[in-house]
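Quick note: the sequence shown uses my numbering, first residue 41, plus one each step. Even glycine gets a Cβ: it sits at the ideal position worked out from N, Cα and C.
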Amino acid sequence: MKHNQVRIGALLSYVNTFVGVFVGMLYVPLVLKILSIEEYGLYQVVGAITAYLGLMDLRLATTTVRYYSQALATGNEKRQQEVLSTSYLLFLGMAALLLALGLPITKLFSVVYAPTLTIQQFAQGIIMVWLGVGSFAIAFPTHVFSAVINSHERFIFLRLVSILSSIIKPFLSYALLIMHPMAVTLSFVQLLLSIGMFIAYYIYNRGILHVRFTVRAFRKDLARDMLKFSFFLIIIAIVDQVYWQAGKLFLGALVGTASVALFSFAVQITRYYVTISSSLNSLLFPRISKLVVAIEENVNELNRLFIRYSRVQGMILMLILSGFILYGKQFIGLWIGQQYDQVYYLTLAFMIPFTWDLTQNFGISVLNAMNKHKYRAWLYSLVVLMYIILCYPIVKRFGAVGCAVLSGACILVGNGFGLSILYSRLAHLRMRSYFFWMLRLLPCTLIALAPGYFLLIRYPIFSWFGLVVQGMLFCIVYGIAIYFLYFSQDERLEVGKKVASLSKKFLKSKDV
Numbered sequence: 041m042k043h044n045q046v047r048i049g050a051l052l053s054y055v056n057t058f059v060g061v062f063v064g065m066l067y068v069p070l071v072l073k074i075l076s077i078e079e080y081g082l083y084q085v086v087g088a089i090t091a092y093l094g095l096m097d098l099r100l101a102t103t104t105v106r107y108y109s110q111a112l113a114t115g116n117e118k119r120q121q122e123v124l125s126t127s128y129l130l131f132l133g134m135a136a137l138l139l140a141l142g143l144p145i146t147k148l149f150s151v152v153y154a155p156t157l158t159i160q161q162f163a164q165g166i167i168m169v170w171l172g173v174g175s176f177a178i179a180f181p182t183h184v185f186s187a188v189i190n191s192h193e194r195f196i197f198l199r200l201v202s203i204l205s206s207i208i209k210p211f212l213s214y215a216l217l218i219m220h221p222m223a224v225t226l227s228f229v230q231l232l233l234s235i236g237m238f239i240a241y242y243i244y245n246r247g248i249l250h251v252r253f254t255v256r257a258f259r260k261d262l263a264r265d266m267l268k269f270s271f272f273l274i275i276i277a278i279v280d281q282v283y284w285q286a287g288k289l290f291l292g293a294l295v296g297t298a299s300v301a302l303f304s305f306a307v308q309i310t311r312y313y314v315t316i317s318s319s320l321n322s323l324l325f326p327r328i329s330k331l332v333v334a335i336e337e338n339v340n341e342l343n344r345l346f347i348r349y350s351r352v353q354g355m356i357l358m359l360i361l362s363g364f365i366l367y368g369k370q371f372i373g374l375w376i377g378q379q380y381d382q383v384y385y386l387t388l389a390f391m392i393p394f395t396w397d398l399t400q401n402f403g404i405s406v407l408n409a410m411n412k413h414k415y416r417a418w419l420y421s422l423v424v425l426m427y428i429i430l431c432y433p434i435v436k437r438f439g440a441v442g443c444a445v446l447s448g449a450c451i452l453v454g455n456g457f458g459l460s461i462l463y464s465r466l467a468h469l470r471m472r473s474y475f476f477w478m479l480r481l482l483p484c485t486l487i488a489l490a491p492g493y494f495l496l497i498r499y500p501i502f503s504w505f506g507l508v509v510q511g512m513l514f515c516i517v518y519g520i521a522i523y524f525l526y527f528s529q530d531e532r533l534e535v536g537k538k539v540a541s542l543s544k545k546f547l548k549s550k551d552v
């Protein structure tokens with residue numbers, strides 16, 4: 041049952057990712073037909089501010105999964121109830137605190153952004169901040185419900201709800217934008233979705249898992265331990281938000297909302313790239329948490345999973361990255377218009393350094409489960425300090441391009457070089473084996489890029505049809521190169537067996 045949950049959950053994770061990418065790509069140009077680039081930039085600025093509010097959850101969702109999964113592994117029902125009660129009360133307390141902070145947050149927004157916004161944009165911005173506060177206040181207790189479902193490894197339900205949310209959001213947004221063509225409409229849609237997620241997860245916990253939430257099992261010592269564990273996760277989360285959001289805040293204050301919109305397009309594409317990588321990682325965290333309970337006996341199993349996971353990640357991410365390098369300009373031109381070609385270079389500044397980090401991010405779950413994530417937090421803190429010091433002068437002089445290049449450099453130093461050292465020394469992951477397999481991907485990528493480049497020169501792309509056709513040919517050449525140059529002999533035999541099995545089923549269905 042659990043094996044099927046992981047297998048089908050992994051498949052649905054990728055389905056969810058590609059549904060989100062497809063719908064999001066369709067959604068943005070439709071929104072831009074209704075909203076001006078300045079209105080869309082306003083939405084991104086407010087989104088950057090409210091994203092920091094989400095940090096108030098202190099990463100307790102991840103903490104709850106860790107503690108609850110380990111309680112499930114030992115079969116300690118009393119401990120399970122204590123974890124749920126403690127985390128639920130902590131989340132409710134943070135939701136109340138967030139609502140109380142709504143007023144000072146709007147005051148801060150007024151002071152910083154009033155000089156660069158019109159009167160109408162400023163009024164909308166205040167309302168959008170309050171809607172964002174409400175969305176996160178509802179989302180906080182929802183984290184407990186999702187953590188329980190995750191710990192029980194009921195990934196199918198989690199992914200189906202996420203897929204449904206991804207589909208509903210753009211259509212609901214577009215329908216409401218037709219009636220109310222303002223940026224504030226997008227924030228209102230997010231509030232509605234937060235309410236929907238709360239209801240869905242609560243019903244599943246009570247009706248399917250039969251989990252009861254009570255405050256009677258609350259324990260102060262457990263709350264203290266969970267907050268201590270979460271402290272370093274919150275530092276990591278702050279750094280993550282700085283990478284994604286601080287650039288928008290600096291650009292909004294120093295350059296203008298139009299520049300924020302361009303930067304946001306690049307961030308949006310990169311976040312889809314990151315989401316594809318993170319899909320499997322979230323499924324494996326409960327299993328990793330159980331393995332590290334007896335780390336000495338399970339170190340070989342962890343390394344087997346690490347190499348297997350990294351190879352899969354590497355094959356997928358290098359296909360996407362090389363495809364974007366080759367066809368990114370054409371894609372952006374067809375997606376949002378030729379006038380936004382700068383987005384291509386901004387996106388590459390993020391994607392190239394992130395690839396190293398994303399192919400090895402299995403190690404993040406290992407560090408978290410081993411309670412050694414504080415070292416990652418200190419590393420990130422040093423890097424983000426450098427980022428903040430340099431961001432203001434670079435944005436003021438070079439605008440969005442300088443901000444993106446600076447972000448990419450920090451990602452390369454911290455998430456690339458730094459984390460590789462931590463994974464090797466603290467998590468006992470075999471990084472030499474990891475680099476061996478990642479370097480073997482380069483010939484496969486070059487073999488696919490060469491004919492793709494010459495085909496693009498001979499037949500320039502001016503339509504979605506042309507992009508899809510050349511993209512499919514590129515994927516085929518890449519897949520052939522992977523099969524012959526990257527797969528082991530056993531893997532090639534396994535692929536051959538599966539192809540033969542599918543062929544037999546297809547022929548039988550035709551005979552019927």
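Which first and last residues belong to the alpha helix (DSSP H) in which Asn160 is found?
Mapped onto the sequence shown, residue 160 falls at position 120. According to the sequence shown, residue 160 is Gln rather than Asn. First-last of the alpha helix (DSSP H) with Gln160: 159 to 191.
What are the start and end residues of each continuous alpha helix (DSSP H) run of 4 or more residues lying completely inside the stretch 403 to 479, in chain order?
413 to 451, 459 to 465, 471 to 479
On the three-state DSSP scale, how would you describe Asn343?
Position 303 of the sequence shown, counting from 1, holds the residue named residue 343. Correct three-state label for Asn343: helix.
For Asp397, count neighbouring C-beta atoms within 10 Å of its own C-beta (all shown protein chains included) and say buried if the count is 16 or more, exposed if not.
As a first step, residue 397 must be located in the sequence shown, where it is residue number 357. With 16 or more Cβ atoms within 10 Å of its Cβ, Asp397 is classed as buried.
Taking the straight line between their C-alpha atoms, what separation do you get for Tyr67 and Phe211?
Looking up residue 67 in the sequence shown gives position 27. Looking up residue 211 in the sequence shown gives position 171. Each residue's alpha carbon lies about 8 Å from the other.
What separation, rounded to the nearest whole angstrom, lies between the Cα atoms of Leu198 and Phe494?
Here residue 198 refers to the residue found at position 158 of the sequence shown. Here residue 494 refers to the residue found at position 454 of the sequence shown. Cα-Cα distance, rounded: 43 Å.
Within 10 angstroms of the Cβ of Pro483, are there 16 or more other Cβ atoms? Answer buried if so, exposed if not.
In the sequence shown, the residue the question calls residue 483 occupies position 443. Per the 10 Å Cβ criterion, exposed.
With DSSP collapsed to three states, give me the class of Ser221.
Within the sequence shown, residue 221 is the residue found at index 181, counting from 1. With the sequence shown as reference, residue 221 is identified as Pro, and Ser is not the correct amino acid for it. Reduced to three states, the DSSP call for Pro221 is coil.
Considering only the alpha carbon of each residue, which of Gly377, Ser464, Met410 lies closest to Phe305?
One-based indexing of the sequence shown puts residue 305 at position 265. It is Gly377 whose Cα lies nearest to the Cα of Phe305.
Between the stretch 342 to 362 and the stretch 473 to 488, do three or more beta carbon pairs fall short of 8 Å?
yes
Do you know how far the Cα of Ile166 is from the Cα of Leu289?
Along the sequence shown, read from residue 1 onward, the residue named residue 289 stands at position 249. Along the sequence shown, read from residue 1 onward, the residue named residue 166 stands at position 126. The alpha-carbon atoms of Leu289 and Ile166 are separated by roughly 16 Å.
DSSP on Pro483, reduced to helix/strand/coil?
Locating residue 483 in the sequence shown gives position 443, where the first residue counts as 1. Looking at Pro483 - three-state DSSP - the assignment turns out to be helix.
Could you name each continuous beta strand (DSSP E) segment of 3 residues or more that falls completely within the stretch 193 to 255, going from the start of the chain to the end?
The stretch 193 to 255 contains no complete beta strand (DSSP E) run of 3 or more residues.
According to DSSP, simplified to helix, strand and coil, what is Ser350?
If you number the sequence shown from 1, residue 350 lands on position 310. Note: Ser350 maps to helix in three-state DSSP.
Let me confirm a value: Pro181 is counted as buried when at least 16 other C-beta atoms fall within 10 Å, else exposed. Which label applies?
Residue numbering aside, residue 181 sits at position 141 when the sequence shown is read from its first letter. Buried, because 16 or more other Cβ atoms sit within 10 Å of the Cβ of Pro181.
The alpha helix (DSSP H) with Leu273 in it runs from where to where?
The residue given as residue 273 occupies position 233 in the sequence shown. Element bounds for Leu273: 260 to 281.
Between the stretch 77 to 88 and the stretch 54 to 67, can you find at least three pairs of beta-carbon atoms closer than 8 Å?
Taking a cut-off of 8 Å for Cβ pairs, the stretch 54 to 67 and the stretch 77 to 88 do not touch, as fewer than three such pairs fall below it.
Taking only the alpha-carbon atoms, compute the straight-line gap between Tyr283 and Ser447 and give it to the nearest angstrom.
For the purposes of this step, residue 283 is taken as residue 243 along the sequence shown, with counting starting at 1. For the purposes of this step, residue 447 is taken as residue 407 along the sequence shown, with counting starting at 1. Computed Cα separation, rounded: 6 Å.
Taking the alpha-carbon positions, what's the Gln556 to Tyr108 distance?
Since the displayed the chain opens at 41 and closes at 552, residue 556 lies outside it and no answer follows.
Tell me which same chain residues have a C-beta within less than 6 Å of the C-beta of Tyr349, skipping the five on either side of it?
Position 309 of the sequence shown, counting from 1, holds the residue named residue 349. Closer than 6 Å at the Cβ level, and outside the excluded window around Tyr349, lie Phe402.
Mark Pro393 as exposed unless 16 or more other C-beta atoms lie within 10 angstroms of its C-beta, in which case mark it buried.
The residue labelled residue 393 in the question sits at position 353 within the sequence shown. The residue in question, Pro393, is buried, as its Cβ has 16 or more Cβ neighbours within 10 Å.
Kindly provide the ranges of any beta strand (DSSP E) runs that are 3 or more residues long and lie completely inside the stretch 55 to 135, ordered along the chain.
none
Where does the unbroken alpha helix (DSSP H) through Pro500 begin, and where does it stop?
Against the sequence shown, residue 500 aligns to sequence position 460. No alpha helix (DSSP H) holds Pro500; DSSP gives it neither H nor E.
Can you tell me whether Ile497 is buried or exposed, with buried defined as 16 or more other CB within 10 angstroms of its CB?
The residue labelled residue 497 in the question sits at position 457 within the sequence shown. Ile497 should be labelled exposed.
Check whether the stretch 361 to 374 touches the stretch 420 to 435, counting contact only when three or more Cβ pairs, one atom from each stretch, lie closer than 8 Å.
no
Grab me the residues of Ala555's own chain with a C-beta within less than 7 Å of its C-beta, minus the 5 sequence neighbours each way, in chain order.
This structure cannot settle anything about residue 555, because the visible part of the chain is limited to 41 through 552.
Suppose you measure from the CA of Val105 to the CA of His183; what does that come to, to the nearest Å?
Taking the sequence shown and counting its residues from 1, the one referred to as residue 105 is at position 65. Taking the sequence shown and counting its residues from 1, the one referred to as residue 183 is at position 143. Spanning the two alpha carbons is a distance of roughly 10 Å.
Specify whether the stretch 437 to 456 and the stretch 415 to 425 touch according to this definition: at least 3 beta carbon pairs, one from each stretch, less than 8 Å apart.
yes
So is His413 buried or exposed if we call it buried at 16+ other beta carbons inside 10 Å?
Counting from 1 along the sequence shown, the entry for residue 413 is found at position 373. It counts as buried.
Looking at the structure shown, is Gly287 part of a helix, part of a strand, or coil, going by DSSP?
The residue labelled residue 287 in the question sits at position 247 within the sequence shown. Gly287 falls in the helix class under three-state DSSP.
With contact counted as at least three CB pairs below 8 Å, one residue from each stretch, are the stretch 185 to 201 and the stretch 51 to 59 in contact?
yes
I need the boundaries of the alpha helix (DSSP H) containing Leu143, first residue and last residue.
Taking the first residue of the sequence shown as position 1, residue 143 is located at position 103. Per DSSP, Leu143 belongs to the alpha helix (DSSP H) from 142 to 153.
Could you tell me the alpha carbon to alpha carbon distance between Ile218 and Ser76, rounded to whole angstroms?
Counted from its first residue, the sequence shown places residue 218 at position 178. Counted from its first residue, the sequence shown places residue 76 at position 36. Ile218 and Ser76: Cα-Cα distance of roughly 14 Å.
Taking C-beta to C-beta, are Tyr242 and Phe195 nearer than 8 Å?
Stepping through the sequence shown from its first residue, residue 242 is reached at position 202. Stepping through the sequence shown from its first residue, residue 195 is reached at position 155. No, the Cβ-Cβ distance between Tyr242 and Phe195 is not below 8 Å.
Is the separation between the beta-carbon of Val173 and that of Leu139 shorter than 8 Å?
Counting from one through the sequence shown, the residue named residue 173 turns up at place 133. Counting from one through the sequence shown, the residue named residue 139 turns up at place 99. Cβ atoms of Val173 and Leu139: closer than 8 Å.
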